[in-house]
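Have a look at the structure below, then the notes.
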Amino acid sequence: MAPLETANAVMTYRDAVRAGIRDALLRDQRVFLMGEDVGRYGGCFAVSRGLLEEFGPERIRDTPLSEATFVGAGIGAAIAGMRPIVEIMTVNFSLLALDQIINNAATISHMSGGQFHVPVVIRMTTGAGRQLAAQHSHSLEGWYGHIPGIKVLTPATLEDARGMLWTALEDPDPVLIFEHGSLYNMEGELPADAGPVDIERAIVRRGGFDLSLITYGGTLRTALAAAEELAAEGIDCEVLDLRVLRPLDTAAILASVVKTHRAVIVDEGWRSGSISAEICARIVEGAFYELDAPVARVCSCEIPMPYAWHLEQAALPRIETIKQAVHRSVGGGRG
Amino acid sequence: MTDQELRDLVLSVLAGIAPDADLASLAPGEDLRERLDIDSMDHLNFVIGLHQATGVEIPERDYARLVTLRDTLAYLAARLHSGSH
Amino acid sequence: MAEFRMPSLGADMERATVVHWLVQVGDRIERGQVVAEVETEKGVLEVESFESGIVEELLVCEGTTVAVGTPLARIGAVAGGEGQPVPGALSVATAGRAAPAVAPAAAPAITPTVAPAVAPAAASAITPTVAPAVASAAQSIEPAAAARPAAQTRGRRRISPAARALAESADIDLDRVEGTGPDDAVTLADVRRAQRQPTSIGAAEPPALATGEDHAAPSTSAIRPAAPSGLATDAARRAAMRASIAALMSRSKREIPHYYLSQEIDLERALLWLENENLRRPVEERLLPAALLLKAVATAAVEVPEMNGFFENSAFRASTAVHLGVAISLRDAGLIAPAILDADRRSAGELMAALRDLVRRARSGGLRASEMSSPTLTVTNLGDQGVTAVFGVIYPPQVAIVGFGKVFARATVEENGIRNRRMVTATLSADHRVSDGHRGAYFLAAVGRLLQRPEEL
Amino acid sequence: MTCATDRHGQPDPLSAEHALYLLSQMLRIRRFEEKCVELYSAARIRGFVHLYVGQEAVAVGTMQTLGPDDAVVATYREHGHALMRGVSARSIMAEMFGKVEGCSRGRGGSMHIFDAATRFYGGNAIVGGGLPLAVGLALADKMRGLAGVTACFFGEGAVAEGEFHESMNLAALWKLPVLFCCENNLYAMGTALARSESETDLALKASSYEVAAWSVDGMDVLACQRAAERATAAIRGGGGPVFLEFRTYRFRAHSMYDPELYRSKEEVEQWKERDPIATFAASLQSSGLVTTDALERLEQQVAAEIEDAIAFAEAAGLEPLEDMMRFLYTEKDRHGTA
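In order, the protein sequence lines correspond to chains A, B, C and D. Everything in the first sequence is counted per my numbering, starting at 1 for the first residue and increasing by one. Everything in the second sequence is counted per my numbering, starting at 336 for the first residue and increasing by one. Everything in the third sequence is counted per my numbering, starting at 421 for the first residue and increasing by one. Everything in the fourth sequence is counted per my numbering, starting at 878 for the first residue and increasing by one.
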């Protein structure tokens, strides 16, 4: 079944996600989408608009506001052989389903000695930047990266938004996909035959020799912009898109640091106990003698995300704060 | 790879073996082993260094053709251009 | 006869107090019958017996606290109790009460396997016996914290940032500092040691200068000494090394009655084997003749132990291990003879690798202390310099030194005409206090014999 | 209760063979659980163990109506359900001994018995944690047009969990083939039902979700069987989920380490008068369906099965440490396309 022909090359991140879902529904009858307002309403972020009309209520299932149970039901259905795509409206509401994700999805394969596995995909929107205030602006994908037994993806480009879902659905184990809310409207080019992509490796989005900018998801654009401005100052930054937070592509991280001898990690989560803290630890464990400067981190300010625009922008990682961190790290001589 | 690049490459390998030697004043025809006080271990490291830098295979029987800088450069250049490595 | 023990009633219950016995000696008890009440953190619990029989002895009186598993009472079998039929638990008479069914006589009593391990005092002993093995083994299978990429091989030595900072501020040439950290990395302590001592070759222990700065965690600015330390310049360092070599050689000549032997050894078979072997090996693993010579000497040292050991406080102490010292010239700074440890147990290939590594680290100042201080026998080879034979001076407290000259060709007359055979002159200088010429000659002959079968080395 | 009748008064044709079978199954559970007490006291079984003594009729009765295509989700008090579902006493015992031959390779213990062959989707140590799973299993069966029923066992304590309300509602909303079996043994660990629920008539509470619900005497194995037959028939007919409240009682503590301060000894003795095994055996003997010899042979068979299970568990091996990481994720080579 050739991958679905998308309308045209120019589209938004949202269109790419929808194309991925549509492609999966067409390829495999076991696939169905379940979540709050995914059907008649077309999805809180309009990702699933049109799918109910095309695939019907059996496979595009609106659920009551019962995160624990429709996530648990998705897990149960997966164990019984289906390939559910469960949409949790935002990572903020996923806290209600943590028990099912950790105690059932992540645990059952290991604890049953491999008798059952859980091929469920759970998608959720994440991140801040749209003045939704504290309860709607969490960035917790790093937390989920702490849990063995699941995989955690953070698609930051159109290719990944389009291609990660099918590979995730084919994976026999639970996969969580975090789509940063501010990426939905991002426009870009997507080849007509864009299809599934790997969900294991980090990718260098911009090569460089002076310093490694390590990031994922919503802050990839910010890091790339900072790298361009730094290039004008003669500082050549490598930008590494992690793409996967569990399992972390440690080899790629270390390979970059061994090359540049400096690292700045950009992570929208709160710094304490964050995924950036874990990456720091792995760099120090694996490449300590390659370091010419302390590993630096640019994270969100450790406060509940404020509503006011100027406060929210100040709290989030920004191009300026990334550049300041790079300048501190590069310091005197370079290379 | 140009001749100049090859020359720099060979000199950098030599520098790794005899760090304190004054390579600038090395005449192309001088016997490297005498001039730089290179023993059999240094020479083996020299061959290994050249192999790793250029990829050229250097069998033991060819050691005698690496006595001077000129011979070494000629030997390597011939093999690099014929794509034998 | 069975023992009634303090039961384990909870995952975290370790001990309990017998509050009240509900039975006395001589009472007949049924399986499942509550026989005592015990006090735990959660309150008083009834404790039942899993054996039927007669209470023969109460081992623990009321009010005493004991660990889980401690025997509390001894229960004897009912007279002629063995063949007793299984009373129908469900016989109509007892319908109203869930009568405990007596397990059939054949059932083995549940002897708690932890019983033997349970010493009354060690309540924790009831943890499953695999615990220690689990703890240690678990580490071993922990996935490597991070797949460590091969640091670039050439050029970049492993130097901790703190060490780099101190060396820079104390104006110390890191190339001359031996790294003792993981994978020979240079640590802060290494740089501090280099700061304190003249660049001795490890012969004399550095005077213990317990200076305050050892303990204070130096921030780079704080440790800039007022004047550069006297030994920083190369010339001074070379002079110091010359002085220590002189002292060692003088002591050797003064104390050790050397005797000297030499023998020409046919290397033709060995060199042919070597050339064939090198055709098969990638360039990085090619063997030099020195590897075979070292292996032969190490093996011969096992056969003639009087050559391998130390002469201290007027007695010879043979060494079971053969740590072969290899004399290495440091281009400008004289000579050192670090050891290849356990040379007798290494193949020629391994010896070659060890030799290459040793030479590289010796010349870059990165030798480990253990390698400096423990050769049991030394070999010196001046063949490269064209010398035909070298009679070495023994390094005290060793008792012998073997020397090799250059490889030379000798025409020999054989049935099918004159053949060119490649030879080498091997020499032995040995301590006459420990061995006589006869044993020395046997040793050199052994080296020669071993070199005739290179494939076995 | 001497003669088995169903709710509508017609006498049920109870064959001697089926009667003896029901009795033997209840006895298997009872003796298995009693042996667990002994093994736990001797520290051969560790962790938490929750015994089913007194509630045997519910598991035995309901399981008669479930076939191989049906699914079962249970709780941490699941030895009885697992045995009735066909999980061997050997593999359950080995599991509690922490051995690799255990039904979960020694990784789950008493509270986490899993068995793919019998679609026994496990014990679950989170109160109410299994309900959403059961809803999902039923959803999958329904979407694939399969006739399976998913039986979900839980205690009355779970009724207070959010997941109970969400699951009842979703199952009813989507008419999913779920048999909700609430084993109301009156105490959630140490909290009596009246101290945790405003409405203690659980069948009434369940019916508010537009779910057929009624309560059953959980101490009468035939009543349990008939109720389950009626419920599963309705479910297989597409009527959506059914909620059964089995009024039952546990004769032993919530778990091994519980001084039972929350209930009186008299109450326990009172309920023991209605011991599901003793009362059923008595009625079978008085109606001549079963003889004393048959009962004795039954006891010996059950004892032999349990001794064999213990011997098997003691002889079984430990999972090698190098396998500890296995199955965290599915092993690709064996599964190919999962």
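No residue lacks a Cβ here, since even glycine has one placed at the ideal position from N, Cα and C.
Which residues DSSP lists as bridging Met843 (chain C), in chain order: As a first step, residue 843 (chain C) is located in the third sequence; it is residue number 423 there, counting from the start. Looking at the DSSP assignment, Met843 (chain C) forms a beta bridge with C:Asp686 and C:Phe828.
Other residues of its chain near Val118 (chain A): CB distance less than 7 Å, five sequence neighbours each side excluded: Along the first sequence, one-based indexing puts residue 118 (chain A) at 118. If we look at Val118 (chain A) and ignore the five residues flanking it on each side, its Cβ neighbours are Ile75, Ala78, Ile79, Ala105, Ile108, Ser109, Asp173 and Pro174.
Pick from D:Met1133, D:Ser1160, D:Ala1159 and D:Glu978 that is closest to Glu1216 (chain D), judged by C-alpha positions: Nothing can be reported for residue 1216 (chain D), as the shown portion of chain D is limited to 878 through 1215.
Trp1148 (chain D) vs Phe1128 (chain D) beta-carbon contact at 9 Å: Taking the first residue of the fourth sequence as 1, we reach residue 1148 (chain D) at position 271. Taking the first residue of the fourth sequence as 1, we reach residue 1128 (chain D) at position 251. It is a contact, given that the beta carbons lie within the stated cut-off.
Three CB pairs or more closer than 8 Å across the region 892-907 of chain D and the region 1103-1123 of chain D: no
Distance, Ala1130 (chain D) Cα to Ile990 (chain D) Cα: Along the fourth sequence, read from residue 1 onward, the residue named residue 990 (chain D) stands at position 113. Along the fourth sequence, read from residue 1 onward, the residue named residue 1130 (chain D) stands at position 253. Their Cα atoms are separated by approximately 21 Å.
Cα-Cα separation, Val1004 (chain D) to Leu960 (chain D): For the purposes of this step, residue 1004 (chain D) is taken as the residue at position 127 of the fourth sequence. For the purposes of this step, residue 960 (chain D) is taken as the residue at position 83 of the fourth sequence. Roughly 21 Å between the two C-alpha positions.
C-alpha distance - Glu695 (chain C) paired with Leu708 (chain C), whole-angstrom precision: Sequence index remark: in the third sequence, residue 695 (chain C) carries index 275 (1-based). Sequence index remark: in the third sequence, residue 708 (chain C) carries index 288 (1-based). The alpha-carbon atoms of Glu695 (chain C) and Leu708 (chain C) are separated by roughly 9 Å.
Cut-off 7 Å between Cβ atoms - residues of its own chain near Gln313 (chain A), not counting five sequence neighbours on either side: Taking the first sequence and counting its residues from 1, one reaches residue 313 (chain A) at position 313. Taken in chain order, the list of residues that qualify is empty.
Residue-level contact to chain D via CB, Leu429 (chain C), 9 Å cutoff: As a first step, residue 429 (chain C) must be located in the third sequence, where it is residue number 9. Chain D, which has a Cβ nearer than 9 Å to the Cβ of Leu429 (chain C), makes this yes.
Simplified DSSP state of Asn801 (chain C), which is helix, strand or coil: Stepping through the third sequence from its first residue, residue 801 (chain C) is reached at position 381. DSSP places Asn801 (chain C) in strand when its eight states are reduced to three.
Interface flag, Asn698 (chain C) vs chain B, CB-CB below 9 Å: One-based indexing of the third sequence puts residue 698 (chain C) at position 278. Chain B, which has a Cβ nearer than 9 Å to the Cβ of Asn698 (chain C), makes this yes.
Nearest-angstrom Cα separation, counted from Asp99 (chain A) out to Asn1046 (chain D): Stepping through the fourth sequence from its first residue, residue 1046 (chain D) is reached at position 169. Stepping through the first sequence from its first residue, residue 99 (chain A) is reached at position 99. Near 19 Å, if we compare the C-alpha coordinates of Asp99 (chain A) and Asn1046 (chain D).
CB contact check: Val402 (chain B) to chain C, cutoff 9 Å: On the second sequence, residue 402 (chain B) is found 67 positions in, with the first residue counted as 1. No, Val402 (chain B) does not count as interfacial toward chain C.
Positions along the region 460-480 of chain C whose CB lies within less than 7 Å of some CB in chain D: Lys462, Gly463, Val464, Leu465 and Phe470
Lys1209 (chain D) - partner residues in DSSP beta bridges: On the fourth sequence, position 332 is the one that residue 1209 (chain D) refers to. The partner list for Lys1209 (chain D) (beta bridge, DSSP) is empty, contrary to what the question assumes.
Cβ-heavy atom distance, Asp193 (chain A) to the ligand SAH, below 8 Å: Among the components of this structure there are no ligands whatsoever, and the ligand SAH is therefore not found.
Contact list for Leu692 (chain C) against chain B, beta-carbon separation under 8 Å: One-based indexing of the third sequence puts residue 692 (chain C) at position 272. Neighbours of Leu692 (chain C) on chain B: none; closest Cβ ~12 Å, over 8 Å.
Proximity below 9 Å, CB of Val807 (chain C) to CB of Met727 (chain C): Your numbering for residue 807 (chain C) matches position 387 in the third sequence. Your numbering for residue 727 (chain C) matches position 307 in the third sequence. No, these two residues do not count as a Cβ contact at 9 Å.
Identity of the residue in C:Thr798, C:Gly860 and C:Leu778 nearest Phe397 (chain C) by Cα: Any answer about residue 397 (chain C) is impossible in this case: the structure gives chain C only from 421 up to 877.
Residues that DSSP places opposite His110 (chain A) in a beta bridge: Position 110 of the first sequence, counted from the start, is the residue given in the question as residue 110 (chain A). Answer is none; His110 (chain A) lacks a bridge partner.
Residues near Ala636 (chain C) in its chain [Cβ-Cβ closer than 6 Å; skip 5 each side]: Working through the third sequence from its first residue, we reach residue 636 (chain C) at position 216. With a pLDDT of only 34 at Ala636 (chain C), under 50, the local geometry of the prediction cannot be trusted, and the value read off the model is given with reservation. Excluding positions up to five away in sequence, the list is empty.
Chain-ordered neighbours of Leu291 (chain A) on chain C, where CB pairs are closer than 9 Å: The count along the first sequence starts at 1 and reaches residue 291 (chain A) at position 291. By Cβ distance, chain C contributes Pro581.
Three-way DSSP call (helix, strand, coil) for Cys237 (chain A) in this model: Position 237 of the first sequence holds residue 237 (chain A). Cys237 (chain A): strand per DSSP, three-state reduction.
Any C-beta of chain D under 9 Å from that of Phe55 (chain A): Mapped onto the first sequence, residue 55 (chain A) falls at position 55. Not closer than 9 Å to any Cβ of chain D, the Cβ of Phe55 (chain A) fails to qualify, so no.
Beta carbon of Asn1001 (chain D) nearer than 9 Å to that of Gly1032 (chain D): Within the fourth sequence, the letter at position 124 stands for residue 1001 (chain D). Within the fourth sequence, the letter at position 155 stands for residue 1032 (chain D). No, the Cβ-Cβ distance between Asn1001 (chain D) and Gly1032 (chain D) is not below 9 Å.
Cβ neighbours of Ala226 (chain A) in the same chain (closer than 6 Å, five flanking residues each side left out): Counting from 1 along the first sequence, the entry for residue 226 (chain A) is found at position 226. Cβ within range, chain order: Ile319, Ile322 and Lys323.
Pro155 (chain A) classed as buried or exposed, judged by whether at least 16 other C-beta atoms fall within 10 angstroms: Counting from one through the first sequence, the residue named residue 155 (chain A) turns up at place 155. By the neighbour-count rule (16 or more Cβ atoms within 10 Å), Pro155 (chain A) is buried.
Per DSSP, cross-strand counterpart(s) of Arg435 (chain C): As a working note, residue 435 (chain C) is residue 15 in the third sequence. Its beta-bridge partners are C:Ala487.
Residue(s) in a DSSP beta bridge with Lys151 (chain A): Numbered from 1 along the first sequence, position 151 holds the residue referred to as residue 151 (chain A). Bridge partners of Lys151 (chain A): A:Val175.
Endpoints, the alpha helix (DSSP H) within which Asn185 (chain A) is located: Position 185 of the first sequence, counting from 1, holds the residue named residue 185 (chain A). Counting along the chain, Asn185 (chain A) falls outside any alpha helix (DSSP H), and DSSP gives it neither H nor E.
Contiguous alpha helix (DSSP H) assignments of at least 4 residues, all confined to the region 191-250 of chain A: 220-232
Cβ-based burial, Cys1058 (chain D) [other Cβ within 10 Å; buried from 16]: In the fourth sequence, the residue the question calls residue 1058 (chain D) occupies position 181. Burial call: buried.
Proximity to Arg328 (chain A) [Cα-Cα], best of A:Pro306, A:Pro247, A:Pro304 and A:Leu211: Position 328 of the first sequence, counted from the start, is the residue given in the question as residue 328 (chain A). Checking every option, the nearest Cα to that of Arg328 (chain A) belongs to A:Leu211.
Assigned exposure category for Met34 (chain A) - 16 Cβ within 10 Å defines buried: As a working mapping, residue 34 (chain A) is identified with position 34 in the first sequence. Result: buried.
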